[in-house]
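In the numbering used here, the protein residues as written are 4 to 57.
Each residue gets a CB set at the ideal place from its N, CA and C atoms; glycine is no exception.
Computed from a predicted model, the values in this text were never measured in an experiment.
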Amino acid sequence: MGEHTAPLFPQEVIDEYAALGIDLPALFSAGHLGERMGVTIVEAAADRVVGTMP
4 MGEHTAPLFP QEVIDEYAAL GIDLPALFSA GHLGERMGVT IVEAAADRVV
54 GTMP
């Protein structure tokens with residue numbers, strides 16, 4: 004289905020969530036169903052989320 008890459012987040016957002024013990028890329032992953040469907044979250048920010056799907 005293609006190669007999987009981690010979503011891009013602003014570093015300050017990653018740092019804030021990491022301080023709370025939250026793995027932000029895992030939180031915004033497409034999950035098991037998304038993986039089966041080929042959905043990939045490429046970028047996520049407060050004002051925009053970019054993803055791809057076949």
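Contact with chain C by Leu11, beta-carbon distance below 7 Å: Among the chains in the structure shown there is no chain C, since it carries only a single protein chain.
Three-state secondary structure assigned by DSSP to Val53: The residue you call residue 53 lines up with position 50 of the sequence shown. The answer is strand: DSSP assigns Val53 an E or B state.
Rounded straight-line distance, which links the Cα of Ala21 to that of Arg39: Position 36 of the sequence shown, counted from the start, is the residue given in the question as residue 39. Position 18 of the sequence shown, counted from the start, is the residue given in the question as residue 21. The alpha-carbon of Arg39 is positioned some 28 Å away from that of Ala21.
6 Å Cβ shell around Pro57 - same chain, five flanking residues per side excluded: Working through the sequence shown from its first residue, we reach residue 57 at position 54. Hits under 6 Å: Gly41.
Helix, strand or coil at Ile25 according to DSSP, with G and I counted as helix: Here residue 25 refers to the residue found at position 22 when the sequence shown is read from its first residue. Collapsing the DSSP output to three states places Ile25 in coil.
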